[in-house]
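Student: Take a look at the following structure, please.
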């Protein structure tokens, strides 16, 4: 069994209240793309 410690990161964004509706779709899309990328890396580097 192999154990790999994955890098943790914190991302913070500051958006004006009026801009939330404009940027919302793009931000959600980026969040899902980033999480899918991390999952693929985790799945390939950790084996039992």
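Residue numbers (our numbering): 1055 to 1102. Note that the Cβ used here is the ideal one computed from N, Cα and C, for glycine as well.
Which one of 1061, 1075, 1060, 1066 has the shortest CA to CA distance from residue 1085?
Tutor: Position 31 of the chain shown, counted from the start, is the residue given in the question as residue 1085. Residue 1066 is the option with its Cα nearest to residue 1085.
Student: Smallest Cα separation from residue 1069: which of 1063, 1060, 1080, 1062?
Tutor: Taking the chain shown and counting its residues from 1, one reaches residue 1069 at position 15. Among 1063, 1060, 1080, 1062, the Cα nearest to that of residue 1069 is on 1080.
Student: Which value, in whole angstroms, describes the spacing of the CA atoms of residue 1063 and residue 1056?
Tutor: For the purposes of this step, residue 1063 is taken as residue 9 along the chain shown, with counting starting at 1. For the purposes of this step, residue 1056 is taken as residue 2 along the chain shown, with counting starting at 1. Straight-line Cα distance between these residues: approximately 22 Å.
Student: Here's a check: name, in chain order, each residue in its chain whose Cβ is nearer than 6 Å to the Cβ of residue 1087, leaving out the five neighbours to either side.
Tutor: Here the question's residue 1087 lines up with position 33 in the chain shown. Closer than 6 Å at the Cβ level, and outside the excluded window around residue 1087, lies no residue.
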